[in-house]
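A.B. asks: To start, I am sharing the structure in question, which I have written as structure tokens.
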Amino acid sequence: MKTIKSWGPLLAAIALFSLVGTYAQAATVTDCGTDVCFTYDDSTRFGTATIVQNSIFFAPTNFKASSTNGDGLKVRRVTLNITIDVTNPEFSMSQFFLEEQGDYLLEGERASVRANGLFAVTSGTKTCENPYSPIFPALPCRKSDTFTAGDLLVQGTLTNWSASSFIDLADNAEWANDTSVVMTLQNNLNATTFVNGEQAFIQKKFAGVGIRVLPEVPVPAAVWLMGSALGVLGMTRRRRFTAQ
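Using the numbering used here, you'd call the opening residue of the sequence shown number 21 and step up by one each time.
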């Protein structure tokens with residue numbers, strides 16, 4: 021493991037060129053939680069985040085794919101990069117949890133929808149050995165995981181879907197924990213119809229990322245993240261009800 025001294029420009033370039041399918045005009049904001057700060061572009065279809073302790077939550081209102089009457093494949097792709105910096109010198113990041121939720125509607129035997137994506141974390145402070153290239157023997161430590169909502173097959177009624185992912189830096193002995201990372205969340209929504217009378221619709225309504233920092237007492241990932249998520253969803257729904 022080596023400490024990065026000049027990877028800042030490289031990481032910035034990676035973040036810039038990986039913004040696929042986002043709006044052209046960026047609106048970068050920084051929000052801080054208990055031990056970390058999140059810097060991200062709130063002009064994407066994810067929208068503005070809510071921070072709870074060391075977790076960041078989004079409630080998108082315009083992230084959807086729809087195909088009707090044989091329109092074929094319709095795709096919505098969004099990539100969001102979030103720079104996460106530790107602000108508490110007694111802590112370092114070790115684990116990252118992702119939970120996503122939405123709903124879909126199918127009408128027609130051949131109509132179909134899909135939800136999947138990529139969840140990745142790239143170090144801003146450490147390099148790891150790269151055995152695949154003699155030109156770059158060490159690169160910023162990085163770990164990624166693909167996720168999917170699985171088979172979405174229910175016909176004729178609006179149905180919920182969910183997907184999740186987990187990244188543990190301790191899986192890499194050269195990495196283990198970090199104080200600054202770029203987290204990448206790439207999302208794909210697909211809707212397909214082939215003939216007249218078919219309908220396929222899918223949308224993302226919630227995306228939450230929780231970060232465990234050391235030293236903390238271990239808590240089961242699903243219980244810990246979903247407990248915070250339910251609280252945020254409750255606040256969001258109350259706000260919308262009040263506004264209406």
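Every residue gets a Cβ at the ideal spot worked out from N, C-alpha and C, and that includes glycine. Here the structure is a predicted model, which means the values were calculated and not measured.
1. What is the residue span of the beta strand (DSSP E) that GLU127 lies within?
2. For ASP55, does the three-state DSSP call read helix, strand or coil?
3. In whole angstroms, what is the alpha-carbon distance linking ASN82 and VAL141?
4. What would DSSP say about ASP62, mapped onto helix, strand or coil?
5. The beta strand (DSSP E) that contains VAL133, what's its start and end?
6. Taking the beta strand (DSSP E) that LEU294 belongs to, which residues open and close that run?
7. When we look at the beta-carbon of ASP171 and count the other beta-carbons within 10 Å, is it buried (16 or more) or exposed?
8. Just the C-alpha distance for CYS52 and LEU173, rounded to the nearest angstrom, thanks.
9. Secondary structure at LEU178, three-state DSSP: helix, strand or coil?
10. How far does the beta strand (DSSP E) with ILE71 in it extend, from its first residue to its last?
11. Is ASP191 helix, strand or coil by DSSP?
12. Rounded to whole angstroms, what's the CA-CA distance from LYS84 to ASN74? Just pull it up for me.
13. With respect to the beta strand (DSSP E) encompassing PRO160, which residues constitute its N-terminal and C-terminal limits?
14. From LEU189 to GLY144, what does the alpha carbon distance come to, in whole angstroms?
15. Quick check on GLY217: does DSSP put it in helix, strand or coil?
C.D. replies: With the given structure in hand:
1. 112-127
2. coil
3. 25 Å
4. Note: ASP62 maps to coil in three-state DSSP.
5. 132-149
6. Residue 294 lies beyond the range of the chain shown here (21 to 264); nothing can be said about it.
7. With fewer than 16 neighbouring CB atoms inside 10 Å of its own CB, ASP171 falls in the exposed class.
8. 39 Å
9. Coil, per DSSP.
10. 69-72
11. The three-state reading of DSSP puts ASP191 in helix, counting H, G and I together.
12. 27 Å
13. Per DSSP, PRO160 belongs to the beta strand (DSSP E) from 158-168.
14. 13 Å
15. Here GLY217 carries a coil assignment [DSSP, helix/strand/coil].
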